Every structure is written in C-alpha cells, then in structure tokens.
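Residue numbers (this note's numbering): 4 to 528. A virtual CB, placed ideally from N, CA and C, is assigned to each residue, including glycine. For clarity, every value in this text was computed on a predicted model and none was experimentally measured. A short worksheet on the structure shown next.
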RNA sequence: CGCGGCGUGGAGCAGUGGUAGCUCGCCAGGCUCAUAACCUGGAGGUCGUAGGUUCAAAUCCUGCCGCCGCAACCA
C-alpha cells in the first residue's frame, strides 16, 4: 500500500508579482513536500494562481491586455520565480483553466442540488468605482475611500450558501480532529468564530464577464472564495477524472497564510460537507514576514516601498541562501522579519563560517594530506561526533520538528546536533597535527568528520536540496543521493572501498560553497 | 468585561514545577587544517508587573500594564 501525501499552498492573485512573503509560504510547503518524498510518500504538491477576480480583469484592462493573455503571462512570471527558488510543485493550476471551470461547476451544482444554495436579495452600499458593495465601516462620510465618490444604495438578487447550517457539524468536526487547525492559536480563533457568528455567504456576482458562471443561472458568476478554494479539488481531478480525485482526496495539508484561516477552516470544510466529500485533513496557517527598516518593523507593501522581490535576493546570492534565511530566521508558525543586515549576519555565521567552512576544511585536509583518499577506511563504520544529544534522539527530534512545520527548530537541531559537534571534534583531535605522527589515526578522525558532512547533507536535503546534493556528491558514498532518506542519518554506511573526496580540488581545496558576504560592498542598492 | 495570542540578557528564539538555555552581536584567550574561518572562556537577564498556591514557579492561579491578531474577499 503506497503512502500518499497531498499538500497545497494558497493560490495567489496575479495582479502583482510575488514578493518574499508569498515566497515564504511556498518554501515552507516545499520543505514538507521534499521531506515526504524522501520518506517514501507518493507526493502531490499543488500550487496555482487565483484568476477569477475582478481585480485581475481590471488590471489586464489597464494594461490593455486580454484578461486570459494577462493571466497566462503572469502565471509564467510566477512559475519562473518558483522555479528559481527550487520549489518542487507537481502541478500549477490557473483557475481560468477549463479543468477548473468544469470541476467548479460540477461542485456547485452538487451543492445546489443538495439544497444548500438559495436565492435572496442583498441590499447595501455600492461603489460604482469598485463595482462592489461596501460595508458601513469601509465608507468614509458615505464615500468610498478609494474613489472618493458617494456610495449608492443598491439592491440586487444573489445566491447564498447556507454556511450557518453547518455550525454543529463543523464544531463536531473540530472536536473529532484536534489537529485539523494548526497552530493552536488559530484553532481557538476559528472555533470561536464558528460558535458565535457563522453567517450565510453571498457566493455570486452579477454583471461580470470574467469568471465562472452558475450552471443553473448564467446571469451570475461565482464569487471569489467559492471558486478559489475549489482549486484544491479540481486540480486533483474533481469533475474531470474522479478516479484520480479519489486517489488524492482528502488533502493531507493545506499550507496557507494566517489571514485566510477562516476561509479554509470554516467555509471550506462546510463546502466539502455540502457537496458530500470529505474535508481536508489538516490546515496550517503560517505567519507573515515583515520588513525591518531601522528600528521599525513594517508590513510588506508596495506603496510603502517595502516590497522586496525574491529575485533581488536570488540575483545577489542564491536560492539556497534565500531558503535558509527564511526557514531558519522566521518561525513558520509565527511571524518573522527580513533585513539585509540580518540576512548577511546569518549567511556568514551559519552558511559560510559553520557549514561551508566545515566542508572546506574536511575536504582540504583529505585532499592535501591523503591525495583525496582516506586509506584503510574501506569496511569501517564511521562514528558521528555528537554533542549533548544522541544520534537517534537528534534524528527523532528533527523528524518531529519537520513534520510539525517548526522548520527553524529543525535547522537549529541540525546545527547544534551535527555541525557544531563536528567543528569541536576537529578542534579536539587536530588531524592537521595528528597526520604528522599517526597518519592512520588522522584518517579515522577525518572519516568521522566526513560522516558529519554526510549526515548534514541528508538532513538538509528537504531544506537546501542543491546544496545538500553538492555536499553529498563531494564524496564517494555508495548510495545515490536521490535515494537518500532521513533514516540514512541514523547509521553510518560501510563502504566497500576507501572513502575519498571526489569534489573538484584546485590546489588541494574546494571552492567555497558560500563565499562570505561583505554587506557594505554587496548589498548597496 | 467580544474572542484569542504574546511579553525570557543588545537582537532573534528554546524552555509548562526542582541550580535560566541556544544563535547572532560584544570582550578576552587559544589554534592555525579551513572562506580573517574554527575552539575555549567571559560580561550581560529581579524570565512585563503585583499578589496567590507549593518544600520548590519563567513554568500553575488571580489582578494590572503593554504589544499584537481576529470581527467575512487582506500573502
């Protein structure tokens, strides 16, 4: 029986380019996808863009582009960024695609047939500029703050989803599935919401050209959330390939931003129940990235000029450095901050000085003193230098932390449990001196240090895949890197031949993996 | 009293009853294989605050102060 893991990220509005906040979510989901693959799961990792919104249509018009052409162009730009970051998604759905339209209409028809959608009038303040209803709170002196024109009273028919009918079922569902909403604080928030004010929601708009039409009333298009959430099932085959859908659904994990928790934890499971399919198994609401400028911590915002594009960082450094910063510095369940100063500090201390330098010194010692081959290590099982916790405990802790999406802690575990002890061991045994008096003993020390590099590569595989491959590929380990799983960190392998460095050595040394950053010289805009 | 979360050395975080810990930064030594990297030691905290429970509280309870999130289209 194959183990399967279906995970998703939120789909993004393509009316502006992705920034480091959206990238944070994709990286976090990517680690989980890579980890699950490494653990032997058959993985379906889904991402996409949310295109059936009036904002997108308007943006396309502003640019004088066809809406579909605009969506396709933006989808291309998003995919380019995700590829540059090493995101390993298996599919990328655009909600303007035929498969989504078909699945969406099939789903909503099912909910309609089940009696959970009804027609009613909606009356409210309407802004012609926004082409949308506004709440009393959004208006300033009866005017729309964006367009400065008075809102008009308007009444129109629309279709409602009877969300309120699902109050008891949702609460029972949360009780039965305590891990459904994570982290814990989000769970309390949603449960309180469902207990107190679960209102029916308007799920249609009228007079729109762009969007998906109601199957039974073509005058209406389906309003954002009722359409967007469905990407999770339409991409899995709902409405087009039900066998495939049955294979993947329910999703094992939805990775989303904390701001849209309510839609995923209340509306979405209710929609599933209404359509007769199982709700997803787990929703994880991650924190946000803020920008630190001077003493202030501010929101990422185009108008504030605090927008940092992933490509800015990627061009200057590397995808691996980018991934490391956000995964190590920002706790995934909570909020984090970005600043170039902090980026440089972390990069230099963790990646250049600690990890990169360990690799350099180990390969260098083997290269220059042993002609790259550690004689006599064939058949020997290396001993991993460890710190305060044992090797087994280290791996168990790592697993628990990765599976619960506490990535910053998992990386701390790796550094404290493997890399720091390795550098300490090197210092204590001083193989550079030992080699002059007892070459065989020095070979043993280096063999153990190589093991530390190997374990680091194994545990780094979901986090920094390219770097991990480079580290691992620096030596003649028998097992192909693609086949490596977490369990390979538990025990040292016994090689039939002597351990040797196969990375390219120039003058007995490797090129630095992470050249140190000089903040002054490198990050000036 | 709308609901919820948070408050630990300069910064960022662990730590849910038993001598306060990690990373960065700072200071002083050591080493010199390595990317001026690495290793050791040190300074720096009345764990927001005031009470309570307990032999023992950062940890459990209560009040207060401060910051933040949510209150239906916001990554």
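When the beta-carbon positions are compared, residue 55 and residue 213 come within less than 9 Å of each other. Judged by beta-carbon spacing, residue 291 lies within the 9 Å limit of residue 24, meaning their Cβ atoms are closer than that value.
Fewer than three beta-carbon pairs drawn from the region 366-373 and the region 460-468 are found closer than 8 Å, and the two stretches are therefore not classed as touching. No Cβ-Cβ contact shorter than 9 Å links residue 320 with residue 26. Under the criterion of beta carbons closer than 8 Å, residue 502 and residue 366 do not qualify as touching, at roughly 11 Å.
Taking residue 235 as reference, the option from 281, 58, 121 and 217 with the minimal CA-CA separation is 281.
In the structure shown, residue 479 falls within a coil segment according to DSSP collapsed to helix, strand and coil. Shown here, residue 22 sits in coil according to DSSP, grouped into three states, outside any helix or strand.
In the DSSP assignment, residue 259 falls within the unbroken beta strand (DSSP E) covering 256-260.
For residue 366, the uninterrupted alpha helix (DSSP H) run begins and ends at 360-373, by DSSP.
The Cβ atoms of residue 314 and residue 514 lie no closer than 9 Å to each other.
Between residue 484 and residue 504, the gap from beta carbon to beta carbon reaches 9 Å or more.
Only exposed fits residue 123, as fewer than 16 other CB atoms lie within 10 angstroms of its CB. Considering only 342, 206, 19 and 272, the residue with the shortest C-alpha distance to residue 220 is 206.
When the beta-carbon positions are compared, residue 334 and residue 405 stay at least 9 Å from each other. Judged by their CB atoms, residue 420 and residue 392 are nearer to each other than the 9 Å cut-off.
In terms of Cα proximity to residue 120, the closest of 169, 316 and 79 is 169.
Here DSSP, grouped into helix, strand and coil, assigns residue 114 to helix.
Annotation for residue 382: 497, 498 and 499 place their beta carbon closer than 8 Å to its own, counting only its chain and skipping 5 residues before and after. Contiguous alpha helix (DSSP H) elements confined to the region 192-280 occur at 227-231, 234-237, 245-251 and 271-278, taking only those with 4 or more residues.
For residue 122, DSSP records a beta bridge to 162. Sequence-distant Cβ neighbours of residue 190 in its own chain, meaning closer than 6 Å and more than five residues away, are 184. For residue 505, no alpha helix (DSSP H) segment is defined, and its DSSP state is neither H nor E. DSSP, reduced to helix, strand and coil, places residue 39 within a helical segment of the structure shown. If you draw a straight line from the Cα of residue 48 to the Cα of residue 174, it is about 29 Å long. For residue 197, the closest of 103, 177, 208 and 181 by C-alpha to C-alpha distance is 177.
Here residue 400 carries a helix assignment [DSSP, helix/strand/coil].
Rounded to the nearest whole angstrom, the C-alpha separation of residue 260 and residue 187 is 14 Å. Going by DSSP, residue 310 is part of no alpha helix (DSSP H) at all; its letter is neither H nor E. With respect to the 9 Å criterion, residue 331 and residue 426 are not classified as neighbours on the basis of their beta carbons.
Per the coordinates, the alpha-carbon of residue 108 lies some 15 Å from the alpha-carbon of residue 279.
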